[in-house]
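Take a look at the structure below.
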Amino acid sequence: MSNLAAIVADIAEEMRGASERGRVADYIPPLACVSPDRFGIAVVLADGTEYLGGDADEPFSIQSVSKVFSLTLALGLIGDGLWARVGREPSGSAFNSIVQLETEQGIPRNPFINAGAIVVADVLLGGGTPAEAIAGVLRFVRGLAGDERITIDASVAAAEQATGFRNFALANYMRSFGNLHHPVEQALGVYFHQCALAMSCRQLALAGRFLAHDGRDPVTGRCIVTPQRARRINALMMLCGHYDNSGEFAFRVGLPGKSGVGGGILAVVPGVATIAVWSPGLNAKGNSQLGALALERLATRMGWSVFEVKG
Ligand code: GLU
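Quick note on numbering: the sequence shown equals residues 68 to 378 in our numbering.
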């Protein structure tokens, strides 16, 4: 990987100067205050070697990237039983769409659209109170990243609580079908707090390593999930991780990835590396404009698309 450092530096430099940066999300007020000029990238290899560029150590709101971690926890709690309540198909719809829920009896298409992630949050409540579920998510992510400094930004969670009318609608609608087992306020409390996790690219790339390495932390050997579960989470990230932009992301980047409206993307190069990028400006589908471009550049130059693997 001798040229990786130079490639990461090149990409950070290109993104620093890019003019088409997309639009920062403004429907969650604190996110609207983040400068569109920020860009960070972190690549972590199997042996733990890190390659960092730009604002790689700056914490940002990971938003829907958190859905990967909450899904992992929920599968740990109820296993494949989850799939009776959440589908595994791309939605082809916006992240917060409600349309399919009516014809599909309150079963969200996948765990990465908002409706699916709210069901996942409801599953996390099975283990206790909202505060305990939120603490469990934080503990899990800190443990994965090996970093106790990771926090939840309470002001972001409160802003989502105050403005998340669409999420309340999704949750109430699913509850009417019996697909939420706890009060709407509780499931959304967990959901809003997981979305408000503040992490840097470096912390995110470290936390995602189990996905690239057969479910294990490649440095300590600690088993987080089975190899099969890691593969399946990656499959969902590839097909559903960018909402109705997932096809485009797979086409351009060719890696499992999960985006968030904070402008972060976590991507997985199976067996090789995890990558986290952050640039707050979003494209029309709500995914980081420069983040996706940076991943496209990196995957192309390193030959990292999963469709490029030679047996
Ligand atoms: N918390 C955000 C919402 O529910 C997450 C959306 C996203 O990151 O795509 O609207």
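Ideal Cβ positions, reconstructed from N, Cα and C, are used throughout, including at glycine.
This one's a predicted model, so the numbers in the text were calculated from it and none came from an experiment.
{"query": "Whose C-alpha, out of Leu365, Gln261, Leu237, Glu80, is nearest the C-alpha of Phe162?", "result": "Leu237"}
{"query": "Along the beta strand (DSSP E) that carries Ser243, what are the first and last residues, could you check?", "result": "It is not in any beta strand (DSSP E) - Ser243 instead sits in the alpha helix (DSSP H) that spans 232-243."}
{"query": "Using the rule of at least 16 other Cβ atoms within 10 Å of the residue's Cβ for burial, across every protein chain shown, is Ser164 buried or exposed?", "result": "buried"}
{"query": "List the whole-angstrom C-beta distance separating Pro197 from Val257, where the pair is believed to meet the contact cut-off of C-beta under 8 Å.", "result": "6 Å"}
{"query": "Where do the ends of the alpha helix (DSSP H) carrying Gly282 lie?", "result": "Counting along the chain, Gly282 falls outside any alpha helix (DSSP H), and DSSP gives it neither H nor E."}
{"query": "Does DSSP classify Glu199 as helix, strand or coil?", "result": "helix"}
{"query": "Following a CB-centred definition, is Cys262 positioned closer than 6 Å to any heavy atom of the ligand GLU?", "result": "yes"}
{"query": "With 16 as the cutoff for other CB atoms within 10 Å, does Cys290 come out buried or exposed?", "result": "exposed"}
{"query": "Within this structure, are the beta carbons of Val328 and Ala99 separated by less than 7 Å?", "result": "no"}
{"query": "Let me confirm a value: Pro126 is counted as buried when at least 16 other C-beta atoms fall within 10 Å, else exposed. Which label applies?", "result": "buried"}
{"query": "Checking the sheet assignment: what are the DSSP bridge partners for Ile108?", "result": "Gly120, Val344"}
{"query": "For the stretch 314-328 against the stretch 70-88, do three or more pairs of beta-carbon atoms, one drawn from each stretch, fall closer than 8 Å, so that the two count as touching?", "result": "no"}
{"query": "Give the straight-line distance between the Cα atoms of Asn350 and Ser313, rounded to the nearest whole angstrom.", "result": "13 Å"}
{"query": "Counting along the chain, where does the beta strand (DSSP E) carrying Met335 start and finish?", "result": "Note that residue 335 corresponds to Val in the displayed sequence, not to Met. It spans 331-336 - the beta strand (DSSP E) in which Val335 sits, taken as one unbroken run."}
{"query": "Does DSSP classify Val328 as helix, strand or coil?", "result": "coil"}
{"query": "Give me, in chain order, the residues of the same chain whose beta-carbon lies closer than 7 Å to that of Ala182; leave out the 5 immediate sequence neighbours on both sides.", "result": "Leu168, Pro175, Leu237, Met241"}
{"query": "Of the residues Val204, Val344, Gly210, which one's Cα is nearest the Cα of Ser133?", "result": "Val204"}
{"query": "Expressed to the nearest angstrom, what Euclidean distance is found between the alpha-carbon atoms of Pro97 and Gly107?", "result": "19 Å"}
{"query": "Could you give the distance in angstroms between the alpha-carbon of Ile74 and the alpha-carbon of Gly154?", "result": "38 Å"}
{"query": "Within this structure, are the beta carbons of Val110 and Ala366 separated by less than 7 Å?", "result": "no"}
{"query": "Just the Cα atoms here: how many angstroms apart are Trp150 and Phe259?", "result": "22 Å"}
{"query": "Straight-line CA distance for Asn239 to Ile180?", "result": "16 Å"}
{"query": "Is Phe162 close to the ligand GLU? I mean its beta-carbon at under 6 Å from any heavy atom of the ligand.", "result": "yes"}
{"query": "For the beta strand (DSSP E) holding Ala265, just list the boundary residues, first then last.", "result": "264-266"}
{"query": "Alpha carbons only, please: which of Val208, Gln261, Asp189, Leu273 is nearest the one belonging to Ala123?", "result": "Leu273"}
{"query": "Alpha carbons only, please: which of His248, Arg216, Leu142 is nearest the one belonging to Gly173?", "result": "His248"}
{"query": "Could you please give the first and the last residue of the uninterrupted alpha helix (DSSP H) stretch that includes Cys307?", "result": "294-307"}
{"query": "With a threshold of 7 Å on Cβ separation, who are the neighbours of Leu138 within its own chain once the five nearest residues in sequence on each side are excluded?", "result": "Pro178, Val187, Ile300"}
{"query": "Give the DSSP-derived three-state secondary structure of Ile180 in the structure shown.", "result": "coil"}
{"query": "Kindly identify the DSSP beta-bridge partner or partners of Leu271.", "result": "Paired residues: none, contrary to the question."}
{"query": "Asn246: buried (16+ other C-beta within 10 angstroms of its C-beta) or exposed?", "result": "buried"}
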